[in-house]
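A.B. asks:
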Amino acid sequence: MTLSPETNAERDLRRLRTVYRALGDETRLRVISLLAEHGPMPVNELSARVALSQPLISWHLRILRKAQVIRTRREGREVFCRLDRDAITAHIKSFLGLISFGGLAAVEQPAIQPVTEGTT
37 MTLSPETNAE RDLRRLRTVY RALGDETRLR VISLLAEHGP MPVNELSARV
87 ALSQPLISWH LRILRKAQVI RTRREGREVF CRLDRDAITA HIKSFLGLIS
137 FGGLAAVEQP AIQPVTEGTT
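Here it is in structure tokens:
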């Protein structure tokens with residue numbers, strides 16, 4: 037059995053799932069709100085403002101980075117976080133594209149091959 041290459045629609049769905057899972061946590065929404073209100077901020081300040089340990093805030097930030105909601109940069113020993121507004125805009129456009137064309141029914145679905153006896 038060969039796997040067909042991922043379509044753009046499938047890639048958009050996977051990316052949106054990652055983004056919305058990342059946004060489904062109150063702590064991560066608080067981080068996004070702080071960054072939107074105050075701009076780029078060092079991790080230690082974010083940690084203090086949301087009252088989390090440095091390892092725990094780093095775990096949340098990794099999820100937001102993976103979802104392409106924030107970006108980080110290192111300056112010496114400090115790591116600064118900022119919102120990735122371009123990526124957020126792209127996520128919003130993907131979502132609007134999904135709902136503008138008839139929902140999931142309009143998204144290309146991979147063909148399901150029937151399994152027949154004697155084939156692997």
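To get the working numbering, take the position in the sequence shown, counting from 1, and add 36.
Cβ coordinates follow ideal geometry from the N, Cα and C atoms, glycine included.
The structure presented is a predicted model; accordingly, all values stated were derived computationally and were not measured.
Could you tell me which residues DSSP puts in a beta bridge with P78?
C.D. replies: F116
A.B. asks: Do C117 and P76 have their beta-carbon atoms positioned less than 8 Å apart in this structure?
C.D. replies: When the beta-carbon positions are compared, P76 and C117 come within less than 8 Å of each other.
A.B. asks: Excluding the 5 residues flanking R53 on each side, which residues of the same chain have their C-beta closer than 8 Å to its C-beta?
C.D. replies: none
A.B. asks: Return the chain-ordered list of same chain residues with a C-beta closer than 6 Å to the C-beta of E111, the five sequence neighbours on each side being excluded.
C.D. replies: none
A.B. asks: Is it buried or exposed, R121, if we count other Cβ atoms within 10 angstroms and call 16 or more buried?
C.D. replies: exposed
A.B. asks: Looking at the secondary structure, which residues open and close the alpha helix (DSSP H) in which T125 lies?
C.D. replies: R121 to S136
A.B. asks: Give the DSSP bridge partners of I106, in chain order.
C.D. replies: DSSP lists L119 as partners of I106.
A.B. asks: So, is A103 buried or exposed, given that buried needs 16 or more other C-beta atoms within 10 angstroms?
C.D. replies: A103 is buried by the Cβ-count criterion.
A.B. asks: Could you tell me the distance, in whole angstroms, from the CA atom of R47 to the CA atom of H127?
C.D. replies: In a straight line, the C-alpha of R47 is about 12 Å away from that of H127.
A.B. asks: Between E42 and P78, is the Cβ-Cβ spacing less than 8 Å?
C.D. replies: no
A.B. asks: Tell me whether the beta-carbon of L119 lies closer than 8 Å to the beta-carbon of I106.
C.D. replies: Taking 8 Å as the Cβ cut-off, L119 and I106 qualify as a contacting pair.
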